[in-house]
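Numbering (mature numbering (1 follows the signal peptide of the UniProt record, and there is no 0)), first residue to last: -17 to -1, 1 to 292.
Positions of the beta carbon are idealized from the N, C-alpha and C atoms, including for glycine.
One structure is given below, encoded as structure tokens.
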């Protein structure tokens, strides 16, 4: 990438013949070599390395929202045989994108070599009514990654994201308990609760895909000890073991693991790992109780138990 930046710089300064302000030059270089922030990254302007092409993903991280999908994607990006789409594409769950067609979808993928797997992640796929069939229509033998965490923790994390988004947009906010409890009873219509009914959503996927096509990553474990979970993913994808313990270091300030690769150290975006609100214990117990039966059913569906409440 440094080579591309230098080359672009020399080309620009030579052809324009006049000094370019630093900010303007940086933006121009970004458009030349495809360097964009995570929020706006698009691959249409990338310089195509010789011998590469854009491929439809051979693996998709289908969810779940607030389960750790971004952490999983960035950790897998360490592997030399994996390239990742930087943004959530929402191709299979948003009708307005799906109608643009498969070529549009492919155009959003990074360039890759023949020995590399392209992965995209969109957490909304797991709970989408349309996504399973649409993905199956594209590739019935595709391998899917699903990262899950304790469903009650996921609900609180879901609320926390919306809470901070509303605060930053200067919109009114509600207490967690005022949303989760309505007229003294659990508000099971709350979208965050609906998203945590893993058995309900998994049933749709298992109607179209074999269980051995879906690898479930334990999101709670990934945060505490990433390497074992990532090694399982390497095995699932039939990739050589390349991710090592030296690729991670614990950030005491943030309270979770950050990534070390290619001589760089990076942590997830500051929006990740935000402190959760203190939730009333009675409300937590109501959530634990509500999810207990759903969790048990999910365990039976996937032939695996998790350490959830």
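- Reduced DSSP secondary structure (H/G/I, E/B, other) of residue 171: Three-state DSSP puts residue 171 in coil, outside helix and strand.
- Task: Measure the C-alpha to C-alpha separation of residue 113 and residue 66 and round it to an integer number of angstroms.
- Result: Cα to Cα, residue 113 sits roughly 26 angstroms from residue 66.
- Message: Bridge partners for residue 240 per DSSP, in chain order?
- Response: Assignment of beta-bridge partners to residue 240 by DSSP yields 233.
- In three-state terms, what does DSSP make of residue 66? Strand.
- Message: Closest to residue 29 by C-alpha separation, out of 90, 125, 182, 194, would be which residue?
- Response: For residue 29, the closest of 90, 125, 182, 194 by C-alpha to C-alpha distance is 90.
- What is the DSSP secondary structure of residue 274, counted as helix, strand or coil? In the structure shown, residue 274 sits in a helix (DSSP, three-state: H, G or I).
- Message: Give me, in chain order, the residues of the same chain whose beta-carbon lies closer than 6 angstroms to that of residue 233; leave out the 5 immediate sequence neighbours on both sides.
- Response: When the five nearest sequence neighbours on each side are left out, the beta carbons in the same chain lying within less than 6 angstroms of the beta carbon of residue 233 are those of 240, in order along the chain.
- Message: I'd like to know whether the C-beta atoms of residue 68 and residue 101 end up nearer to each other than 9 angstroms.
- Response: A Cβ-Cβ contact shorter than 9 angstroms links residue 68 with residue 101.
- Message: Can you tell me where the beta strand (DSSP E) holding residue 126 begins and where it ends?
- Response: Start and end: 126 to 131.
- Item | Coarse secondary structure for residue 94, derived from DSSP in three states | The answer is strand: DSSP assigns residue 94 an E or B state.
- Message: Quick check for students: name the residue ranges of the alpha helix (DSSP H) that lie wholly in the region 173 to 234, counting only runs of 4 or more.
- Response: Listed in chain order, they are 174 to 178, 181 to 189, 202 to 207, 209 to 219.
- Query: Alpha carbon to alpha carbon, how far is residue 99 from residue 64?
  - Reply: Here the alpha carbons of residue 64 and residue 99 stand approximately 4 angstroms from one another.
- Take the Cβ of residue 261 as the centre, count every other Cβ of all protein chains shown within 10 Å, and call the residue buried at 16 or more, exposed below. Within 10 angstroms of the beta-carbon of residue 261 lie fewer than 16 other beta-carbons, which makes it exposed.
- The beta strand (DSSP E) spanning residue 247 covers which residue range? Boundaries of the beta strand (DSSP E) harbouring residue 247: 247 to 249, taken from the DSSP string.
- Message: Quick check on this structure: which residue in 131, 173, 53 has the alpha carbon closest to the alpha carbon of residue 159?
- Response: The shortest Cα separation from residue 159 among 131, 173, 53 belongs to 173.
- Item | Segment contact flag, the region 145 to 155 with the region 113 to 129, C-beta cutoff 8 angstroms, min 3 pairs | The region 145 to 155 vs the region 113 to 129: no contact.
- Kindly indicate which residue of 198, 153, 154, 280 has the alpha-carbon position closest to the one of residue 44. Among 198, 153, 154, 280, the Cα nearest to that of residue 44 belongs to 198.
- Task: For residue 25, count neighbouring Cβ atoms within 10 angstroms of its own Cβ and tell me buried if that reaches 16, exposed if not.
- Result: With a pLDDT of only 49 at residue 25, under 50, the local geometry of the prediction cannot be trusted, and no value is derived from it.
- Message: If contact is defined by three or more beta carbon pairs under 8 angstroms, each pair taking one atom from either stretch, is the region 48 to 55 in contact with the region 192 to 207?
- Response: Verdict: yes, contact present.
- Message: When you compare the CB positions of residue 259 and residue 140, do they come within less than 9 angstroms of one another, or not?
- Response: Closer than 9 angstroms, so yes.
- Rounded C-beta distance between residue 109 and residue 128? I'm assuming under 8 angstroms. Rounded to the nearest angstrom, the Cβ distance from residue 109 to residue 128 is 10 angstroms, too far for a contact under 8 angstroms.
- Message: Which residue marks the beginning of the beta strand (DSSP E) containing residue 102, and which one marks its end?
- Response: First-last of the beta strand (DSSP E) with residue 102: 100 to 104.
- Can you round the beta-carbon distance between residue 180 and residue 73 to whole angstroms, since I take them to be within the 8 angstroms contact cut? About 21 angstroms separates the two Cβ atoms, so there is no contact after all.
- In terms of residues, what are the limits of the beta strand (DSSP E) holding residue 110? Looking at the DSSP string, residue 110 is not in any beta strand (DSSP E), and its letter there is neither H nor E.
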